[in-house]
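For the record, the sequence lines run as chains A and B.
When you read off a place in the first sequence, starting at 1, and then add 46, the result is the number in our numbering.
When you read off a place in the second sequence, starting at 1, and then add 999, the result is the number in our numbering.
Note that beta-carbon positions come from the ideal geometry of N, C-alpha and C, so glycine has one too.
I have placed the structure first, in the form of structure tokens, so that the comments after it can refer back to it.
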Amino acid sequence: MDIPILSLLVIIPLIGALVTLFMGGQRADKAKYVAAVFSAVILVVSLFLLFSGMKNDYDFSQFDESYIWFQAAGLQMNIIFAVDGLSILMVFLTALLVFLVVMFSWHESDRPNYYHALLLAMEVGLMGVYMAQDYFLFYIMWEVTLIPMFFMISWYGGPRRHYSAIKFFVYTHVASVIMLIGIFAVVFGAQAGVPGIEYISFAFDAVRDNAAFDTVFQTFFFGLLFFGFAVKMPVPPFHTWLPDAHVEAPTGGSVLLAGVMLKMGSYGIIRICLDDKIFPNAMEFWQPIMIGLGIFAMVYGAYACIAQNDLKKMVAYSSISHMGMVLVGMGCNSVIGIEFAIFQMFAHGIISGVLFMVCGIAGHNFGTRDMRLLGGLAGKFPVYALFMMFGFMASLGLPGLMGFIAEFGLLYGLWEYLAANNLHALILFGLLDMMLTAGYYLWAMQKTLFGKETDKIDLSHCHDIAKNEVAVLAVLCALIALFGIWPTLAIDFIMPFAGAF
Amino acid sequence: MFESFAESLVEAFGQVTYILPQVIVLIAALLAPLLHFATKDGKIVAGASFAIIAISAILVMIMMHTVTYGTAFGMFEFDPFSSLMMLLFMAVAFLTIMVSPVHVETTKHAGEYYSLIAAIVAGMMFAASATTLLAIFIGVEVVSISSYALVALKKNDPRASEAAVKYLIIGAFSSALTLLGMSMIYGVTGTLNIETIGAKVAVMGANWAFILGCIGMIAGYGFKIAAVPFHSWAPDVYEGASTPVSGFLATASKKMGFAVLFKIFFALFVIGSTGVFTLEFQYVFAIIAAITMTVGNLVAISQSNIKRMLAYSSVAQAGYIMIALAVMSQYATTGALFHMFTHVVMKGGAFIMVAALITAGLGEKIEDYKGLAKRTPLLAAAMMLFLFSLAGIPPLAGFTSKFVLFSGAIFVDGAVSMQWMWLAFIAVINSAISLYYYARVVKTMYIEKPACDDKIVVPAPFMVAIALCVIGVIVLGVYPEILLELCDKAAAALF
Chain A
47 MDIPILSLLV IIPLIGALVT LFMGGQRADK AKYVAAVFSA VILVVSLFLL FSGMKNDYDF
107 SQFDESYIWF QAAGLQMNII FAVDGLSILM VFLTALLVFL VVMFSWHESD RPNYYHALLL
167 AMEVGLMGVY MAQDYFLFYI MWEVTLIPMF FMISWYGGPR RHYSAIKFFV YTHVASVIML
227 IGIFAVVFGA QAGVPGIEYI SFAFDAVRDN AAFDTVFQTF FFGLLFFGFA VKMPVPPFHT
287 WLPDAHVEAP TGGSVLLAGV MLKMGSYGII RICLDDKIFP NAMEFWQPIM IGLGIFAMVY
347 GAYACIAQND LKKMVAYSSI SHMGMVLVGM GCNSVIGIEF AIFQMFAHGI ISGVLFMVCG
407 IAGHNFGTRD MRLLGGLAGK FPVYALFMMF GFMASLGLPG LMGFIAEFGL LYGLWEYLAA
467 NNLHALILFG LLDMMLTAGY YLWAMQKTLF GKETDKIDLS HCHDIAKNEV AVLAVLCALI
527 ALFGIWPTLA IDFIMPFAGA F
Chain B
1000 MFESFAESLV EAFGQVTYIL PQVIVLIAAL LAPLLHFATK DGKIVAGASF AIIAISAILV
1060 MIMMHTVTYG TAFGMFEFDP FSSLMMLLFM AVAFLTIMVS PVHVETTKHA GEYYSLIAAI
1120 VAGMMFAASA TTLLAIFIGV EVVSISSYAL VALKKNDPRA SEAAVKYLII GAFSSALTLL
1180 GMSMIYGVTG TLNIETIGAK VAVMGANWAF ILGCIGMIAG YGFKIAAVPF HSWAPDVYEG
1240 ASTPVSGFLA TASKKMGFAV LFKIFFALFV IGSTGVFTLE FQYVFAIIAA ITMTVGNLVA
1300 ISQSNIKRML AYSSVAQAGY IMIALAVMSQ YATTGALFHM FTHVVMKGGA FIMVAALITA
1360 GLGEKIEDYK GLAKRTPLLA AAMMLFLFSL AGIPPLAGFT SKFVLFSGAI FVDGAVSMQW
1420 MWLAFIAVIN SAISLYYYAR VVKTMYIEKP ACDDKIVVPA PFMVAIALCV IGVIVLGVYP
1480 EILLELCDKA AAALF
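As structure tokens, this is what we get:
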């Protein structure tokens, strides 16, 4: 393998972003074709990656790349890319969602060149986060995702976009810098004073191979890293940036934010915090907290959904609830917990894509996302209603669809943990969450799709969804059904990684 | 080739070789008024000063390359540290001189202006290379007195006059404090050579006069670096002085303060390893650092004038650099030196940008920047890079240098230390707070509607200087190896 496939996944969107960025003036309308080509190429490359991994017994080590970036002042930074069972699905999801978002926003007319440049720039950071195997590179990529999102919200967002964009930027940046201290401690702590180490390397492996921390150290710095990741996920009570950012972001931004950016948090927790070479003893302290926070996030998110009138805000809170489930799975720290946490990350990425697109279409076609104003849409807009129902059903865990598999697995993992710790009764919270989730989705459907056609807004001029939107939603729904019926297709990728827990 | 050149230099000039760079810059200072008198053309004076300083810079680089290090008359040492600082000062001088001819206030007094700039640079170079307290003091005074005059050069502007008077009074006070501190230390130890002082105190132990002397110097040079509570002059002076001068003062003369502090206090407390009261002084520096960065950032949030905002952000950056004084380790000092360099390109770039926009008729208020991205997309993008770099957003220079500097508070003497962990926390939280006011300017430039749609045209020299700073911000962020290695060598020379 001479072609650096993984580097290409970062370099291609970077080139695409630069090309579209400079397509100002008359050529701005053409930017979408460029963006489509670039994102399609990335999707093809990532599919190639998937299939060649599949052929090779789900082993991706042949694609590993490692270069020294610079060595100075006793530090060594590396450019190391690798994918494994944890990251391969996220890489694929990123490529897929960016391509679909480009397709979905085909008719974006407000400075389309910048819009597509931002999408592709975000893809650079996301791919980098999921593939980087070096703390320095990882942190850079982690922060690189912030700037395009900041502009995405503040240029293309809703009425309170200025406030939301700055809040999103500063809030998540504070979490990142606290995580940075954890990174410093782990990297320097592992390698300081180890004989034979001339340069302190920021590579993941250099830290894993040399880490030998005492329990107090582990507990403290696990906490710092966990905080940084948890804000991104987000875990209540550090979630307040999310509803603002989601509500104000344009549809494409929301899809990427919920679909792949939130997953950066859970990815980081699994990749770094749950690494039992770095933090073998920290979970003694943190496991109950993670489970507790996860259960709280599940129930709180679902409960908050019931109170929402804005369709998009409801979906935003449902993201918090579903990411809470991921946190529970990670907290279990067992094979089944990790396996389905990763599966849920993948599933939620696809399902939330459908949900946010449906919300975006509501705001765009009907002029409002307020459930109090909408009603009886199913009669007039059957295609729209179909996708909305499908998305909601997938998200509430209807058997046969993707969300069900993930939630079933995670609840089983939770039950295992609770049973081992004699806390059987707490599973009721899981069931409560299921109930609330079903409740708010059904209620939302009842309010918007069924019943009497609304007379509060004029629907006579509204049209049903556009062809490109139908195509994008159909692809996502087909994937939801596919992985719902045949989950091992995805789980086979995950197991080589999750099986080690 | 370079080796034989350096050898012949040493043969020809003897010890003077090691102060040759300073002497060359002094020649520029003396030549500038004559040249202006002869030609009456500011541009020629600027070009000549630029060329002479460039010769000095090339000489410094050759001497660094050939490792021609040594001491002149036991007073001025040319070593990896002082040579690197000289390059820093001269780099700032280049940027300043480059944009000065097109800046209105400088045209009438070109001779004085370039003479003062060259004198300041020479003073800084002397101060950074000095090995005795007296030589340090003289170098710093040359810089201070020239700076007062430089600020006052815009004499028709009452704000500039006020700033100059304020600067003079506070500066004189700080010089007096410094001198008092130095004389006490001389009285205790009987020598002015820094390293000998360190050795003597190590033997006889610290007494109250020594401590008072140190406090006097900390206060005196605290004014120079604008550390809280000695910072009150900085915003007024930066606001009142003409903008290239503000940029020059904010980037260069602060760095001289740090160079001097590093030299004196590392020699006293680390090399001399007095042991006595070292920890106490470390905590003094740590607390000043924490307060400086916090006050700087919090006050910057409420500023509506961009020069004042940048001034307070300079105060905050001084707080970050002071981490090295608190930790007193080679690694943290490497980070501090590296941060000084990245600060030159990002803060210097931001000040040059402000100067350029003033030349183009824009105001100094942040609200004047509304919709700048529509009126001048390239300049707005450059400004965004500078501001994000100051906030420490990767992969820009400010991030990489803060990365090394802040990790210096955690990685102390080859181990992860909990002692300065709190300082690292305060630093990163401050860095995150600072993003708020930088992002606000970016928001003003990119999101708000412009007051008018006129395109903004700035003179070519500004574009060149800004382009150089942009390149610096990106290259130092993405590929810092060479400079970081130099900073490491320079820091090693201090320990």
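The alpha helix (DSSP H) enclosing A:M69, as first and last residue numbers: If you number the first sequence from 1, residue 69 of chain A lands on position 23. Careful: A:M69 lies outside any alpha helix (DSSP H) and carries neither H nor E.
7 angstroms Cβ cut-off: residues of chain B touching A:G239: Your numbering for residue 239 of chain A matches position 193 in the first sequence. Going along chain B in sequence order, the residues near A:G239 (Cβ under 7 angstroms) are G1413 and A1414.
Given 8 angstroms, three or more beta-carbon pairs between the region 420-431 of chain A and the region 472-489 of chain A: no
Contacting residues, own chain, Cβ-Cβ under 7 angstroms from A:I366 (five flanking each side not counted): Position 320 of the first sequence holds residue 366 of chain A. Hits under 7 angstroms: P280, P282, H285, L288, A343 and G347.
Beta carbon proximity, A:E189 to chain B, threshold 9 angstroms: Counted from its first residue, the first sequence places residue 189 of chain A at position 143. Taking Cβ atoms only, chain B reaches closer than 9 angstroms to A:E189, which makes this a yes.
B:A1464 to B:T1358 span [Cα, whole Å]: Within the second sequence, numbered from 1, the residue matching residue 1464 of chain B stands at position 465. Within the second sequence, numbered from 1, the residue matching residue 1358 of chain B stands at position 359. So the two alpha carbons sit approximately 14 angstroms from each other.
Residue-level contact to chain B via CB, A:M172, 9 angstroms cutoff: Here residue 172 of chain A refers to the residue found at position 126 of the first sequence. It should be pointed out that residue 172 of chain A corresponds to Leu in this sequence rather than to Met. A:L172 does not count as touching chain B.
Residue interval of the beta strand (DSSP E) (run including A:I125): If you number the first sequence from 1, residue 125 of chain A lands on position 79. A:I125 -> beta strand (DSSP E) spans L121 to F127.
Amino acids of chain A, ordered along the chain, whose beta-carbon sits closer than 7 angstroms to that of B:A1423: Here residue 1423 of chain B refers to the residue found at position 424 when the second sequence is read from its first residue. Residues of chain A passing the Cβ test: I227.
Where B:Y1220 sits in the DSSP three-state scheme: The sequence position of residue 1220 of chain B within the second sequence is 221, counting from 1. In this structure, B:Y1220 counts as helix in the three-state DSSP scheme.
Beta carbon proximity, B:M1084 to chain A, threshold 9 angstroms: Your numbering for residue 1084 of chain B matches position 85 in the second sequence. B:M1084 does not count as touching chain A.
DSSP three-state assignment for A:E111, whether helix, strand or coil: Walking along the first sequence from the start, residue 111 of chain A turns up at place 65. Strand, per DSSP.
Contact list for the region 1161-1173 of chain B against chain A, Cβ threshold 9 angstroms: none
Chain-order list of residues whose beta-carbon lies under 8 angstroms from that of B:L1211 (same chain, five-residue window excluded): Numbered from 1 along the second sequence, position 212 holds the residue referred to as residue 1211 of chain B. If we look at B:L1211 and ignore the five residues flanking it on each side, its Cβ neighbours are G1180 and M1183.
Cβ neighbours of A:A258 in the same chain (closer than 8 angstroms, five flanking residues each side left out): By one-based count along the first sequence, residue 258 of chain A stands at place 212. Excluding positions up to five away in sequence, the list reads A236.
Residues bridged to B:V1411 (per DSSP): In the second sequence, residue 1411 of chain B corresponds to position 412, counting from 1. Answer by DSSP bridge pairing, in chain order: B:A1414.
Selection from A:K323, A:G298 and A:Y209 that minimises the alpha carbon distance to A:D290: For the purposes of this step, residue 290 of chain A is identified with residue 244 of the first sequence, where counting begins at 1. When only C-alpha atoms are compared, the closest one is A:Y209.
Residue from B:T1399, B:M1420, B:A1459 and B:G1186 with nearest C-alpha to B:G1471: By 1-based counting over the second sequence, the position of residue 1471 of chain B is 472. Looking at the Cα atoms, B:T1399 is the closest of the given residues.
Chain-ordered neighbours of A:V220 on chain B, where CB pairs are closer than 9 angstroms: As a working mapping, residue 220 of chain A is identified with position 174 in the first sequence. Simply V1427, I1428, A1431, I1432 and L1434.
Own chain, CB closer than 7 angstroms to A:F382, minus 5 neighbours either side, in chain order: On the first sequence, position 336 is the one that residue 382 of chain A refers to. Note that residue 382 of chain A is Ile in the sequence shown here, rather than Phe. Excluding sequence neighbours, A:I382 sits near G455, Y458, G459 and E462.
Own chain, CB closer than 6 angstroms to A:V262, minus 5 neighbours either side, in chain order: In the first sequence, counting from the first residue as 1, residue 262 of chain A sits at position 216. Closer than 6 angstroms at the Cβ level, and outside the excluded window around A:V262, lies no residue.
Touch test, the region 1337-1346 of chain B against the region 1466-1486 of chain B, Cβ-Cβ under 8 angstroms, three pairs minimum: The answer is yes - the region 1466-1486 of chain B touches the region 1337-1346 of chain B, with three or more Cβ pairs under 8 angstroms.
9 angstroms Cβ cutoff, B:V993 in contact with chain A: Because chain B in this structure spans residues 1000 to 1494, residue 993 of chain B falls outside the shown range and cannot be described.
Identity of the residue in A:F436, A:L464 and A:M541 nearest A:G530 by Cα: Reading the first sequence from its first residue, position 484 is the one you call residue 530 of chain A. Residue A:F436 is the option with its Cα nearest to A:G530.
Cross-chain neighbours of B:L1483 in chain A, by beta carbon under 7 angstroms: As a first step, residue 1483 of chain B is located in the second sequence; it is residue number 484 there, counting from the start. A118 and A119, listed in chain order.
Inter-stretch contact (C-beta, 8 angstroms, three-pair minimum) for the region 1104-1119 of chain B and the region 1365-1380 of chain B: no
Where the beta strand (DSSP E) through B:F1075 begins and ends: As a first step, residue 1075 of chain B must be located in the second sequence, where it is residue number 76. Run containing B:F1075: F1075 to F1077, per the beta strand (DSSP E) assignment.
Minimum Cβ-Cβ distance from A:F275 to chain B less than 9 angstroms: Sequence index remark: in the first sequence, residue 275 of chain A carries index 229 (1-based). A:F275 does not count as touching chain B.
Where A:Q179 sits in the DSSP three-state scheme: Residue 179 of chain A sits at position 133 when you count from the first residue of the first sequence. Coil, per DSSP.
Cβ of A:A258 within 9 angstroms of any chain B Cβ: Taking the first sequence and counting its residues from 1, one reaches residue 258 of chain A at position 212. Not an interface residue.
For B:Q1014, the three-state DSSP class (helix, strand or coil): Within the second sequence, the letter at position 15 stands for residue 1014 of chain B. B:Q1014: helix per DSSP, three-state reduction.
is_contact[A:H162, chain B] using C-beta, thresh 9 angstroms: Start at 1 with the first residue of the first sequence, and residue 162 of chain A comes out as number 116. Not closer than 9 angstroms to any Cβ of chain B, the Cβ of A:H162 fails to qualify, so no.
Span of the alpha helix (DSSP H), counted from its first residue to its last, around A:G338: For the purposes of this step, residue 338 of chain A is taken as the residue at position 292 of the first sequence. Its alpha helix (DSSP H) spans residues M329 to I352.
Within chain A, partners of B:T1333 - CB distance below 7 angstroms: Within the second sequence, residue 1333 of chain B is the residue found at index 334, counting from 1. Correct list: A119.
Rounded straight-line distance, which links the Cα of B:M1292 to that of B:A1489: The count along the second sequence starts at 1 and reaches residue 1489 of chain B at position 490. The count along the second sequence starts at 1 and reaches residue 1292 of chain B at position 293. Near 25 angstroms, if we compare the C-alpha coordinates of B:M1292 and B:A1489.
Minimum Cβ-Cβ distance from A:Y176 to chain B less than 9 angstroms: Counting from 1 along the first sequence, the entry for residue 176 of chain A is found at position 130. No, A:Y176 lies away from the interface with chain B (no Cβ there is under 9 angstroms from its Cβ).
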